[in-house]
Amino acid sequence: MENTSQTHREALRVSGLSIFVNLLLTAGKLLAGLLARSGAMISDAVHSASDVFSTLIVMIGVKLSGKESDREHPYGHERMECVAAILLSGILLATGLLIGYQGIRSILSEREELQSPGILAAVAAGVSILTKELLFHYVRHQARKLDSPALMAEAWHHRSDALSSIGALAGILGARAGFPVLDPLASVVICVFIAKAAFDIFRDAVNKMVDHSCDEETETAIRLCAVEQPEVARIDLLRTREFGNRIYIEMEIAVDGELPLRQAHAVAERVHDEIEQRFPKVKHIMIHVNPA
1 MENTSQTHRE ALRVSGLSIF VNLLLTAGKL LAGLLARSGA MISDAVHSAS
51 DVFSTLIVMI GVKLSGKESD REHPYGHERM ECVAAILLSG ILLATGLLIG
101 YQGIRSILSE REELQSPGIL AAVAAGVSIL TKELLFHYVR HQARKLDSPA
151 LMAEAWHHRS DALSSIGALA GILGARAGFP VLDPLASVVI CVFIAKAAFD
201 IFRDAVNKMV DHSCDEETET AIRLCAVEQP EVARIDLLRT REFGNRIYIE
251 MEIAVDGELP LRQAHAVAER VHDEIEQRFP KVKHIMIHVN PA
């Protein structure tokens with residue numbers, strides 16, 4: 001339980017850093033977009049602002065997932081991280097569609113003449129690309145270390161922001177080169193990148209919400225771990241399911257039918273303890289003993 005609490009504290013610390021960086025980037029990009037008259041940079045600022053709100057959702061999800069089991073939730077609250085990731089994907093998609101809509105409206109508008117953005121917008125885009133790419137690698141590393149789907153979703157949100165800034169930079173430079181339509185067109189390209197990231201986050205979270213089984217490699221390793229134990233003749237049944245970022249196992253092992261009950265029970269206990277030791281993500285194992 002102490003390790004779990006430490007994991008959640010670390011995840012909250014990472015999310016707090018993300019909020020601080022995104023607040024700085026949002027203010028800087030919005031100011032640069034307004035001063036340099038760049039629709040693409042303003043769209044990019046909106047994307048960064050959505051990061052702040054989405055990170056708050058991640059923090060809430062991580063906090064709730066760390067609650068201990070209770071009578072209403074005997075299996076714990078790990079899936080709250082998946083719920084947070086699904087909400088995050090929805091916010092990400094909505095943000096992308098809004099940015100795309102604004103870009104298309106600017107392209108089709110006949111009432112306003114498209115203007116070439118100032119160099120300040122290009123500088124802001126460059127700073128954003130570097131900052132968000134570094135933040136993506138840092139948060140992704142922490143997400144893998146802590147095995148947090150919500151943090152992983154947040155990491156890809158940072159990557160989508162970096163891609164967004166790349167699109168904004170290309171549009172700004174193109175507009176300054178004499179093609180002002182490229183500035184709002186960049187917003188449309190940004191929309192596509194964001195929508196793709198939202199779909200990937202949603203698909204991964206849903207897989208973990210619907211009791212998806214572990215991958216074949218993990219199940220094979222679990223089988224080998226069990227049959228390596230003395231007096232285990234074979235594995236009759238193995239079912240696994242991912243519950244949030246935890247694994248639940250149902251297993252039937254076969255032992256000598258002439259063994260006394262206490263000895264057969266001890267064999268099952270050894271299998272149980274060895275699997276939990278080798279696979280830290282395993283939270284619960286139910287083992288049934290069959291006579292060989």
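Note that the sequence shown covers residues 1 to 292 in my numbering.
C-beta: ideal position from N, C-alpha, C; glycine also.
Closest to residue i by C-alpha separation, out of the options, would be which residue?
| i | options | result |
| --- | --- | --- |
| residue 212 | 187, 184 and 246 | 246 |
| residue 135 | 160, 148 and 63 | 160 |
| residue 93 | 47, 206, 290 and 141 | 47 |
| residue 216 | 16, 240 and 146 | 240 |
| residue 255 | 236, 249, 243 and 242 | 236 |
| residue 238 | 288, 56, 187 and 186 | 288 |
| residue 284 | 170, 242 and 259 | 242 |
| residue 341 | 152, 131 and 181 | This structure gives no information on residue 341, because the portion of the chain shown stretches from 1 to 292. |
| residue 86 | 176, 17, 222 and 152 | 152 |
| residue 292 | 29, 22, 234 and 268 | 234 |
| residue 189 | 203, 218 and 168 | 168 |
| residue 251 | 227, 22, 258 and 257 | 227 |
| residue 148 | 176, 108, 201 and 165 | 201 |
| residue 269 | 286, 179 and 259 | 286 |
Looking at residue i: is its Cβ nearer than 8 angstroms to the Cβ of residue j?
| i | j | result |
| --- | --- | --- |
| residue 61 | residue 121 | no |
| residue 194 | residue 125 | no |
| residue 128 | residue 91 | no |
| residue 229 | residue 271 | yes |
| residue 84 | residue 143 | no |
| residue 208 | residue 82 | yes |
| residue 13 | residue 118 | no |
| residue 15 | residue 80 | no |
| residue 253 | residue 232 | yes |
| residue 146 | residue 11 | yes |
| residue 51 | residue 157 | yes |
| residue 99 | residue 225 | no |
| residue 184 | residue 106 | yes |
| residue 139 | residue 18 | yes |
| residue 63 | residue 44 | no |
| residue 170 | residue 96 | no |
| residue 187 | residue 277 | no |
| residue 166 | residue 222 | no |
| residue 49 | residue 26 | yes |
On the DSSP bridge list, what partners appear for residue i?
| i | result |
| --- | --- |
| residue 253 | 235 and 289 |
| residue 243 | 246 |
| residue 284 | 248 |
Assuming residue i is part of the alpha helix (DSSP H), what are its boundary residues?
| i | result |
| --- | --- |
| residue 106 | 80 to 108 |
| residue 279 | No alpha helix (DSSP H) contains residue 279, which DSSP labels as neither H nor E. |
| residue 136 | 119 to 146 |
| residue 165 | 149 to 176 |
| residue 225 | 216 to 227 |
Quick check: does the Cβ of residue i come within less than 7 angstroms of any heavy atom belonging to the ligand SAM?
| i | result |
| --- | --- |
| residue 279 | Summarising the ligand content, the structure contains no ligands, and the ligand SAM is consequently not present. |
Let me know the alpha helix (DSSP H) ranges lying completely inside the stretch 31 to 65, each 4 residues or longer, listed in chain order.
-> With a minimum length of 4 residues, the continuous alpha helix (DSSP H) runs that stay inside the stretch 31 to 65 are 39 to 65.
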